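The structure appears below as structure tokens.
Numbering (this note's numbering), first residue to last: 816 to 1289.
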């Protein structure tokens, strides 16, 4: 099961207690969807010996933004306004909390949902990294004489993006890193001949062409996921407020549980915006892990195995990826293309690397459809995450900091092995191979291509009929 809960140990990770303990973890790697781009597995999982990539489909969450609308309005803004209005005499004049006297957060309504400079730089770096890792699958960086003669009739290499500004900015920055300037175009939109950036409307009801299927699903909502998350917040935040009452008593008396969460959010967003945040140094390791678990609980119900819609919403991209891995073209959309007879068209140009950029929900939906981070094949079914204690990480498969961080990505890699002549598919999340539960009959935990093809079709049939499940109930 996704929440792999064995026997509750005698010593569980309870919410943090005094006294303050120095940090040993980097909190920026434990902020779930607020975590800036990082690579959990520094070296990507290598292919088995004698194997080489043939085709890749890649789904990437957009890069770092300077604040989420809902998180700002519901959590960060009330805290920011509270500190602004607070009597400065209540604040310490020295020590690690003294900054509050003159603190002005760079996070404001004006910058919400906007990509930071750090975010653009990260995306460019990421593009450069992948173009090196998958170099043989990218178009030639320099035209040969033969290529020049064919260029008038060449179908451009396509990069797909959801239509929100943050997705488009991410894709353009990525293109600048992944392709030479003459292919990337002056602003990263592609030169139109060798490379083309394709914007896919966010709310397109043409289901199989959407990179943001939850926006086309009227039944999808986020509010209910806050309820269990807030139960956990009421468990882990009070001990932190109690600890702070010993350090900044006049400030702590005015803090509520949401303010603890706000400060942890601000650590991430302020770092994204200006390169640092004083809030990143104010909590213990366990307090950061408790905050991370808040997001794990919330996203379990919002876009993980706790939401019955998740596999339905993960199906469109995986179905498209399967066709791309099979060498089929996608036309100008992100879904299943059709020729004059309604048949899926063959990819005559043999483009073998297919990147697409989207919102934070989609990689998680895809993970549930692919049965990643699930310790049983019963699906989608998992124990509800406990809300009175945080299970040790060794007992938790679902850790959203490793799935939906900024530029978090899921890759489906098809590869061929010379030793046995076989074709295989494997799933990688942020460079690390993860097993697809129920599709593991290939080399080193991968899946044979024939098995994968049928497995995806079977799962797509199981989670079809989205019109009915996505119809909003009165």
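Virtual Cβ for every residue (Gly too), placed ideally from N, Cα, C. Note that the structure is predicted; figures quoted are calculated from it, not measured.
Nearest-angstrom Cβ-Cβ length linking residue i and residue j, presumed shorter than 8 Å
{"i": "residue 879", "j": "residue 1027", "result": "About 19 Å separates the two Cβ atoms, so there is no contact after all."}
{"i": "residue 1085", "j": "residue 871", "result": "That belief does not hold up - the Cβ atoms of residue 1085 and residue 871 are roughly 35 Å apart, past 8 Å."}
{"i": "residue 1275", "j": "residue 1077", "result": "About 41 Å separates the two Cβ atoms, so there is no contact after all."}
{"i": "residue 1198", "j": "residue 1242", "result": "Residue 1198 to residue 1242, Cβ: 23 Å. No contact."}
{"i": "residue 1171", "j": "residue 976", "result": "7 Å"}
{"i": "residue 1096", "j": "residue 1205", "result": "About 22 Å; that fails the 8 Å criterion."}
{"i": "residue 1203", "j": "residue 1110", "result": "The Cβ separation is near 18 Å, so there is no contact."}
{"i": "residue 972", "j": "residue 954", "result": "5 Å"}
{"i": "residue 1005", "j": "residue 990", "result": "7 Å"}
{"i": "residue 1281", "j": "residue 1127", "result": "5 Å"}
{"i": "residue 1072", "j": "residue 1044", "result": "With a Cβ gap of about 11 Å, residue 1072 and residue 1044 do not count as contacting."}
{"i": "residue 907", "j": "residue 1075", "result": "At roughly 18 Å, the Cβ-Cβ gap does not stay under 8 Å, so residue 907 and residue 1075 are not in contact."}
{"i": "residue 1034", "j": "residue 1250", "result": "About 30 Å; that fails the 8 Å criterion."}
Beta-carbon contacts of residue i that lie in its chain and below 6 Å, excluding the five residues immediately before and after
{"i": "residue 833", "result": "Per-residue confidence for residue 833 stands at a pLDDT of 41, beneath the threshold of 50, marking its modelled position as unreliable; the derived number appears in the next sentence. Once the five neighbours on either side are set aside, the close Cβ partners of residue 833 are 1058."}
{"i": "residue 934", "result": "878 and 879"}
{"i": "residue 931", "result": "879, 881, 1087 and 1088"}
{"i": "residue 895", "result": "920"}
{"i": "residue 1166", "result": "972"}
{"i": "residue 1070", "result": "1056"}
{"i": "residue 1040", "result": "1113, 1116 and 1117"}
{"i": "residue 846", "result": "1083"}
{"i": "residue 1184", "result": "1126, 1129, 1130 and 1133"}
{"i": "residue 938", "result": "878, 985, 988 and 989"}
Residue i classed as buried or exposed, judged by whether at least 16 other C-beta atoms fall within 10 angstroms
{"i": "residue 1079", "result": "buried"}
{"i": "residue 1068", "result": "exposed"}
{"i": "residue 759", "result": "This structure gives no information on residue 759, because the portion of the chain shown stretches from 816 to 1289."}
{"i": "residue 1049", "result": "exposed"}
{"i": "residue 951", "result": "exposed"}
{"i": "residue 839", "result": "exposed"}
{"i": "residue 903", "result": "exposed"}
{"i": "residue 1291", "result": "The requested residue 1291 is not part of the displayed model; the chain covers only 816 to 1289."}
{"i": "residue 1182", "result": "buried"}
{"i": "residue 1065", "result": "exposed"}
{"i": "residue 1090", "result": "exposed"}
{"i": "residue 1175", "result": "buried"}
{"i": "residue 900", "result": "exposed"}
{"i": "residue 1273", "result": "exposed"}
{"i": "residue 1002", "result": "exposed"}
{"i": "residue 1279", "result": "exposed"}
{"i": "residue 925", "result": "exposed"}
{"i": "residue 1189", "result": "buried"}
{"i": "residue 864", "result": "exposed"}
{"i": "residue 1099", "result": "buried"}
{"i": "residue 1269", "result": "exposed"}
{"i": "residue 1029", "result": "buried"}
{"i": "residue 1200", "result": "buried"}
{"i": "residue 1238", "result": "buried"}
{"i": "residue 861", "result": "exposed"}
{"i": "residue 1169", "result": "buried"}
{"i": "residue 1229", "result": "buried"}
{"i": "residue 1137", "result": "buried"}
{"i": "residue 1286", "result": "exposed"}
{"i": "residue 909", "result": "exposed"}
Close Cβ partners of residue i (< 7 Å) along its chain, the five nearest in sequence each way excluded
{"i": "residue 822", "result": "Note on residue 822: pLDDT 29, under 50, position unreliable in the model; the coordinate value appears next. Answer for residue 822: no residue qualifies."}
{"i": "residue 940", "result": "992"}
{"i": "residue 1218", "result": "1178, 1179, 1182 and 1244"}
{"i": "residue 1046", "result": "1202"}
{"i": "residue 1092", "result": "1081, 1082, 1085 and 1086"}
{"i": "residue 1377", "result": "Not covered by the structure: residue 1377. The range shown for the chain is 816 to 1289."}
{"i": "residue 844", "result": "850, 853 and 1216"}
{"i": "residue 1254", "result": "1262, 1266, 1267 and 1270"}
{"i": "residue 1140", "result": "870, 872, 1227, 1229 and 1240"}
Residue i Cβ short of 6 Å to the ligand ZN heavy atom set
{"i": "residue 1125", "result": "Among the ligands in the structure shown, none appear at all, so the ligand ZN cannot be discussed."}
Sequence-distant residues of its chain with Cβ nearer than 8 Å to residue i (five each side left out)
{"i": "residue 942", "result": "988, 989, 990, 991, 992, 993 and 994"}
{"i": "residue 1260", "result": "1241, 1248 and 1250"}
{"i": "residue 927", "result": "880, 881, 882, 883, 884 and 887"}
Minimum length 4: unbroken alpha helix (DSSP H) runs contained in the stretch 1169–1231: Unbroken alpha helix (DSSP H) runs of no fewer than 4 residues, entirely contained in the stretch 1169–1231, are found at 1176–1184, following chain order.
For the structure I just gave you, are there three or more beta carbon pairs, one from the stretch 983–994 and one from the stretch 1003–1020, closer than 8 Å? yes
Touching or not, the stretch 1202–1217 and the stretch 903–918, by the rule of three or more beta carbon pairs under 8 Å? Taking a cut-off of 8 Å on C-beta distances, the stretch 1202–1217 does not touch the stretch 903–918, as fewer than three cross pairs fall below it.
Stretch pair the stretch 889–901 + the stretch 860–876: three plus CB contacts closer than 8 Å: no
Quick check: the stretch 1114–1129 against the stretch 1223–1233, are there 3 or more CB pairs under 8 Å? no
Runs of 4 residues minimum, wholly inside the stretch 1232–1259: which ones carry the alpha helix (DSSP H) assignment? none
Alpha helix (DSSP H) segments (min. 4 residues) lying fully within the stretch 1064–1149: Fully enclosed alpha helix (DSSP H) runs of 4 or longer: 1064–1067, 1072–1089, 1100–1118 and 1125–1140.
Every unbroken alpha helix (DSSP H) inside the stretch 978–1059 [4 residues or more]: 980–993 and 996–999
Quick one: complete beta strand (DSSP E) runs, 3+ long, within the stretch 865–909? Listed in chain order, the complete beta strand (DSSP E) runs (minimum 3 residues) inside the stretch 865–909 are 866–876.
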